[in-house]
Structure formats: C-alpha cells, structure tokens
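Number 119 in our numbering belongs to position 119 of the sequence shown; there are no gaps in the numbering. Where is the CB? At the ideal position from N, CA and C, for every residue including glycine. Notes follow the structure.
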Amino acid sequence: MELAKPILSVIYKEEEVLRELLQELSVEHLSESFNFASIQRYYSREMGEGLMKIFLSLEGLIKKEELVSFKLWAMKKEKEFSLHGRRRLNIDPGYVDESHLILASSKKRGGRLYLGKGVYAEIEYLFLYGGFRALYWTYADYRDKRVMAFFEKVRNAFLKELKTTKHGNELRLLSFTEY
C-alpha cells in the first residue's frame, strides 16, 4: 500500500466561504494567504477580482490510488459552494510523498498522466538534493519559495507520521471513494 499526505490549494475571494469549507475539513497545516498575479489573470472572469490562494494539508493519509476520488470530491465541493453557476472556490487536490508533490487535474496537458474518470496527475515538484525542486511546467505560484517551504514542512510531517505508524501507532486513512 502506497501512502501519501493529502493536500489542497484553494482559490477564494470571500473569506467566509473559505472558512465554511475549512470547517468541513481536518486541516493539519495551513499556509498564509497569497495574492498571485497568475491566478488573477486566469480566474477573475469567473470568480471576480481580488482572489487569494491558500495551501493546506489534511490530517491523516491517503492511498495514492485515491487521487481520482479526491479530485472528484473537490469538483463536487466546488459545485456545492457555487452561486449562480459560478465557482466561489477553486479546489485543487493532490498529495505529497517522499519524492514528489503531485496535483490532480481535469485538464489534459502535455506532461500529465491519465488516471481515469477524467482525472490526470501532474508532478509539480521532485525532492532532490535535500529539497523540493520545481519542474519546467510547475505553476508559477508553486515556484514561490514560501510555497515550496510550506510543502517541505508538510513533507517532513508526513515522513514523521509514516515513521510513527511503522512503530505501531494507529494509521488514520482518509477515503474519498464515496464521491
């Protein structure tokens, strides 16, 4: 069984909508909010101006094969929080493991691998030489040093969690298969 730490990035405009989502989740680590120019250009037509983005990890672990279900869950949540057919949240799931940060997407693109049910996986970081390294296609916001440092912290917590479960501590597995 291959395990990973589930992560999310969330683009939002209204803090109360973000808070409502966060109340439904068991958040382990939460980044500061970022205002990236790249998200303004791409998402403002649908979601409005003044968008912010946060990154988070969830308590517990997932089986890597759950990534498709995790993405379908995120798409369902986006619809639940929509208003008048427009998303108020953009939720991108993925995971961190020993060697990578992987994101799930519903969009086909060159370096993405098809997983099934309309979901693709893309490697954003490789862990090399003591830290995460961005790749040629890594999104601009994921290249930000503060974001990379956040995910290195998440990776370290994941490795510690893996080690404690190997020593007999209870493993908390999250499942998104019902979605």
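8 Å contact criterion, which residue i and residue j should meet: CB distance rounded
| i | j | result |
| --- | --- | --- |
| E124 | Y136 | Between Y136 and E124 the Cβ distance is about 11 Å, and since that is not below 8 Å, they are no contact. |
| L56 | Q40 | Their Cβ separation, rounded to whole angstroms, is 21 Å, which puts L56 and Q40 out of contact at 8 Å. |
| A74 | I91 | 4 Å |
| A216 | K64 | Residue 216 lies beyond the range of the chain shown here (1 to 179); nothing can be said about it. |
Option nearest residue i by Cα separation, candidates the options
| i | options | result |
| --- | --- | --- |
| T177 | G85, S106, Y129 and K76 | K76 |
| F127 | N156, K53 and R146 | N156 |
| E98 | F151, N90, G85 and S106 | F151 |
| V147 | L67, L101 and M1 | L101 |
| I7 | E59, Y129 and L113 | E59 |
| V154 | T164, V96 and L103 | V96 |
| Y42 | Y12, S33, S69 and A4 | Y12 |
| P93 | L72, R109 and G110 | L72 |
| E122 | K145, A104 and T164 | A104 |
| K53 | T165, R172, G111 and A140 | A140 |
| A149 | F132, T165 and F158 | F132 |
Buried or exposed (CB count within 10 angstroms, at least 16 for buried), residue i
| i | result |
| --- | --- |
| E197 | No statement about residue 197 is possible, as the shown extent of the chain runs from 1 to 179 and does not include it. |
| A37 | exposed |
| S9 | buried |
| Y114 | exposed |
| T138 | buried |
| E170 | exposed |
| E16 | exposed |
| L83 | exposed |
| K163 | exposed |
| S175 | exposed |
| E161 | buried |
| S69 | buried |
| L187 | Here the chain comprises residues numbered 1 to 179, so residue 187 is not present and cannot be evaluated. |
| E66 | buried |
| E2 | exposed |
Does the segment 114–130 come into contact with the segment 18–33, if we say contact requires no fewer than three beta-carbon pairs (one atom in each stretch) closer than 8 Å?
no
For the segment 47–66 and the segment 85–93, state whether three or more C-beta atom pairs, one from each stretch, are separated by less than 8 Å.
yes
Could you pull out every unbroken beta strand (DSSP E) segment of at least 3 residues lying fully inside the segment 2–71, listed in chain order?
3–12, 27–30 and 52–58
Report the residue ranges of all alpha helix (DSSP H) runs contained in full by the segment 100–173; include only those spanning at least 4 residues, in chain order.
140–143 and 145–166
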